[in-house]
Amino acid sequence: MTDVPPLWLRLPPGFQPIEAEGLALIRNWAPDGASPLDSVAQQGAFYMALGLHRDPPAGVTSSLLTLAATATIARDARQAASRALLAREASPSWSAATKSMVDVCGGVPAAMVTGTLRLADGANSAVAQASCFFLYPGSGLLMTATLSSADLQNAASYADIFGGIVSTLSFEEPHPTPAPSRPNSRLSELLT
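The numbering used here puts the first residue of the sequence shown at 4, with every later residue one more than the last.
Quick look at the structure:
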């Protein structure tokens with residue numbers, strides 16, 4: 004999608020954004036891994052980040068964070084979020100675990116849902132997924148943030164991680180906080 008309005012977030016440790024150049028490297032070195040990411044990008048994702056997480060029995064598990072924008076005729080933020088939630092609930096591949104209305108980006112109504120999405124790949128596979136739907140003010144775009152992982156046993160942990168990421172969403176570029184000033188030492192006070 005083109006002309007996506009600015010949206011900022013803070014990634015937790017273990018996450019790495021996947022830029023266009025990075026996707027090209029994946030295509031060259033691991034073509035099987037690039038195909039699913041290309042599919043995600045073709046579905047409207049304008050941002051992707053790969054998360055790697057320690058899991059003692061498995062060693063490392065992964066998750067994929069995506070941001071997508073879809074044009075919508077809804078102009079009421081609560082209505083747009085609710086409609087997106089209802090559409091997700093209507094999917095026969097979706098089994099919800101939790102759903103709630105929350106505020107993001109300083110007061111914009113959003114719908115959050117966690118659950119399991121069964122994949123139509125014939126292998127009876129599924130992914131744990133957490134999603135947040137909200138209307139970008141003044142744009143007519145429904146934003147969808149999603150965290151997915153094949154690690155179903157730790158679905159609740161991924162939901163917590165996702166909640167933390169969603170809490171950092173912002174429509175305005177964050178300003179770096181200045182380093183705290185160091186108090187003058189007693190010695191420097193005596194010398195001046």
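Glycine included, each C-beta is placed from N, C-alpha and C at the ideal position.
DSSP has residue i in a bridge; who is on the other side?
| i | result |
| --- | --- |
| A113 | V105, F137 |
| A18 | Before going further, note that residue 18 is Phe rather than Ala in the sequence given. In the DSSP output, where bridge partners are listed per residue, F18 has G54. |
| Q132 | G118, S151 |
| G167 | Partner(s): none; G167 has no beta bridge. |
| S98 | T119 |
| A74 | L144 |
| A48 | A71 |
Are residue i and residue j close, meaning C-beta to C-beta below 8 Å?
| i | j | result |
| --- | --- | --- |
| A93 | L70 | no |
| A52 | I21 | yes |
| S103 | A123 | no |
| S160 | V130 | no |
| L150 | I164 | yes |
| T147 | T73 | yes |
| V111 | A80 | yes |
| A99 | A133 | no |
| P15 | G166 | no |
For residue i, name the three-state secondary structure that DSSP assigns.
| i | result |
| --- | --- |
| F174 | coil |
| S85 | helix |
| L150 | strand |
| L10 | coil |
| S160 | helix |
| A27 | helix |
| S66 | strand |
| A93 | helix |
| A33 | coil |
Against chain B, with Cβ distances strictly below 8 Å, would residue i count as a contact?
| i | result |
| --- | --- |
| D35 | The structure shown contains no chain B; it holds only a single protein chain. |
Using a 10 Å radius around the Cβ and a threshold of 16 neighbouring Cβ atoms, would you call residue i buried or exposed?
| i | result |
| --- | --- |
| G54 | buried |
| I76 | exposed |
| A114 | buried |
| H56 | buried |
| A90 | exposed |
| L155 | exposed |
Can we say the segment 166–180 touches the segment 8–17, given the rule of at least three CB pairs closer than 8 Å? yes
Three-pair Cβ contact test at 8 Å for the segment 83–92 versus the segment 60–67: Taking 8 Å as the limit for Cβ pairs, the verdict is that the segment 60–67 does not touch the segment 83–92.
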